[in-house]
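What follows is one structure encoded as C-alpha cells, with my remarks underneath.
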C-alpha cells in the first residue's frame, strides 16, 4: 500500500511536470508566432541613428514609438511602380503650375511648352492641384493630410512637383522657363528611352558661388521622370519629415510654419533633391560622390538616372561654366523670376524685410536713371541754345 506521504509527493511531481510542459509549449508557440511578425524598431530617429554616408537635409522628427509606427505605415504605403514595370517611354505630359500673376507674366514662356509636339500640356491652378493630390493619393492619407496642412505657397509648389512626378510622370518645369529643345532629344540616341527612367540636370558646380547649399547641386525647376521612380518617392517622404522636424523645432503647427530662404533651399528645394538623388543612386550601387558630377561635360547615365551637364537645364546662369558650349547643349532656358522668394510665399519677417529692401534699391536706381536722363536732356538743350546764340552773333 502506498503511504499518504508518497502519494502526496507523486501528485506534486506530476503537477510540476505538467506545468513545465505547458510553459515550454506556450513559449514555443509565442516564438513561432513572433517569427512571422515584423520586428519592432526600437531605435529612436535621432541624428545619431541617421546614415551619415551622405548629407541629409534634416534629421527625422522625433516621435514616440506608436506615433512613429503609424507615421511610417502611412508614409511608406507604396504607390510607385517597380522598375520592371516602368513604361518603355516617358509619359507625354508637360506639367506647370503658378498663381494667376505668374501665369500672366510668363504666358509667352508657357507657350513654348504648350507647343511641344506630341505632348499634352497640363497647367494646374490651386484648385486643380488640390484635386490632383486628393485623387492620386487617396490611398495614402498621410500625404493628403500633410498637403492640406501646408500653408506656404512655395512649400506646396515644391511638394507638388514631386507628387506629379511620382504619380503621373512626364515633364515638370517652372512657369518661368522656356523649352529650347524637344524632350525627346534630351536622351542621347545611343541610350534609348527604355534605359532611362528619370532625367535630372546639374544646377551648380562652382565653389565660389555663395548661395548654394551643396558642393554639387542638382536642379529641380525642370524634372523628367517615369511614374513611380524611387527618387520622387523618397523626395515626398523627405519633404514630409523635414518640414515636420522644422515645425516641431519652431514649436508651431504645420499650417503656421514659415521658412526663411535657406530653410526652403534645404528642406524642399535643391539641397533636399540633391541629397535624395545621390542616396538613390548609391542604393542602385553607383557609388557616387560630389566628385562624380564635377566638371561633367555631357549627359551620363548612372543606374537608370540620366544626369545632364550644367547647360542642360541651367545654361543661363553666371557660374559653373554655364553657357560654355563645352558643357553640353541647352535644353531649357530658366528666366529666374524667383517667384518662390516672394515674401507672400516664404512668409517670414526676414524675407519681407529683404524684399522691401530690394524694392527700395530698385526704386532708387530708377530714380537715379531718371535724374541722369534729365541732366543729359538739360545739357542737350543748353548746347542747342549755345548754337543758336552763336548763329545770331
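Residue numbers (the working numbering): 1 to 393.
For glycine and all other residues, C-beta sits at the position ideal for the given N, C-alpha and C.
Residue 125: buried (16+ other C-beta within 10 angstroms of its C-beta) or exposed? That one is exposed.
From 215, 389, 121, pick the residue whose C-alpha is nearest to that of residue 278; which is it? Selected option, being the one with the closest Cα: 215.
Grab me the residues of residue 315's own chain with a C-beta within less than 6 Å of its C-beta, minus the 5 sequence neighbours each way, in chain order. If we look at residue 315 and ignore the five residues flanking it on each side, its Cβ neighbours are 322, 323, 330.
Measure the Cβ-Cβ separation of residue 94 and residue 171 and say whether it is below 8 Å. Result yes, Cβ atoms of residue 94 and residue 171 sit closer than 8 Å.
Sequence-distant residues of its chain with Cβ nearer than 7 Å to residue 382 (five each side left out): None.
Based on DSSP bridge pairs, tell me the residues matched to residue 225. Answer is 170, 198.
Taking 8 Å as the threshold, find out whether the segment 182-197 comes into contact with the segment 245-252 through three or more Cβ pairs. No contact exists between the segment 182-197 and the segment 245-252.
In this structure, how does DSSP classify residue 108 when only helix, strand and coil are distinguished? If DSSP states are grouped into helix, strand and coil, residue 108 belongs with the helices.
Determine the burial state of residue 56: buried for a count of at least 16 other Cβ atoms within 10 Å of its Cβ, exposed for fewer. Reliability of the predicted coordinates at residue 56 is poor, the pLDDT of 38 falling under 50, and the value obtained from them is presented with this limitation in mind. By the Cβ-count criterion, residue 56 is buried, with 16 or more other Cβ atoms from all chains shown falling within 10 Å of its own Cβ.
Once DSSP output is grouped into helix, strand and coil, what is the label at residue 297? In the structure shown, the three-state DSSP call for residue 297 is coil.
State the Cα-Cα distance for the pair residue 258 and residue 152, rounded to the nearest angstrom. Computed Cα separation, rounded: 7 Å.
For residue 160, list the residues DSSP reports as bridge partners. Residue pairing of residue 160 in beta bridges, as defined by DSSP: absent, with no partner found.
Between the segment 173-180 and the segment 98-117, are three or more C-beta pairs nearer than 8 Å? Per the Cβ contact rule, the segment 173-180 is in contact with the segment 98-117 (3 or more Cβ pairs under 8 Å).
Per-residue burial, residue 311 [other beta carbons within 10 Å of its own, 16 or more giving buried]: Buried, because 16 or more other Cβ atoms sit within 10 Å of the Cβ of residue 311.
With residue 167 and residue 227 assumed to form a contact (beta carbons below 8 Å), what rounded beta-carbon distance in angstroms separates them? The pair is a contact, with the Cβ atoms about 6 Å apart (cut-off 8 Å).
So which of 139, 270, 387 has the shortest CA-CA distance to residue 205? For the residues 139, 270, 387, the minimum Cα distance to residue 205 belongs to 270.
Where residue 186 sits in the DSSP three-state scheme: In the structure shown, residue 186 falls within a coil segment according to DSSP collapsed to helix, strand and coil.
Between the segment 140-152 and the segment 114-123, do at least 3 Cβ pairs fall closer than 8 Å? The count of Cβ pairs closer than 8 Å, one atom from the segment 140-152 and one from the segment 114-123, stays below three, leaving the stretches out of contact.
Can you tell me which residues form a DSSP beta bridge with residue 122? Its beta-bridge partners are 95.
For the beta strand (DSSP E) that contains residue 279, what are its first and last residues? Not the beta strand (DSSP E): residue 279 falls in the alpha helix (DSSP H), residues 270-283.
Rounded to the nearest angstrom, what separates residue 225 and residue 244 at their Cα positions? Looking at the two C-alpha atoms, the distance is approximately 26 Å.
Nearest neighbour of residue 98, chosen from 91, 149, 119, 154 [CA to CA]: Cα-wise, what sits closest to residue 98 is 154.
From 96, 194, 121, 182, residue whose alpha carbon lies closest to that of residue 162: It is 96.
Looking at the unbroken beta strand (DSSP E) that takes in residue 320, where does it start and where does it end? No beta strand (DSSP E) contains residue 320, which DSSP labels as neither H nor E.
With a threshold of 7 Å on Cβ separation, who are the neighbours of residue 87 within its own chain once the five nearest residues in sequence on each side are excluded? Its chain contains 226 as the residues whose beta carbon lies nearer than 7 Å to that of residue 87, once the 5 sequence neighbours on both sides are disregarded; these appear in chain order.
Is residue 328 near residue 274, with beta carbons less than 8 Å apart? No, they are not a contact pair.
CB-CB length for residue 213 against residue 265, believed under 8 Å: By a beta-carbon distance limit of 8 Å, residue 213 contacts residue 265. Their separation comes to about 5 Å.
What does a CB cutoff of less than 6 Å around residue 147 pick up in its chain, not counting 5 residues either side in sequence? Short of 6 Å from the beta carbon of residue 147, and not among the five residues preceding or following it, lie these beta carbons of its own chain, in chain order: 133.
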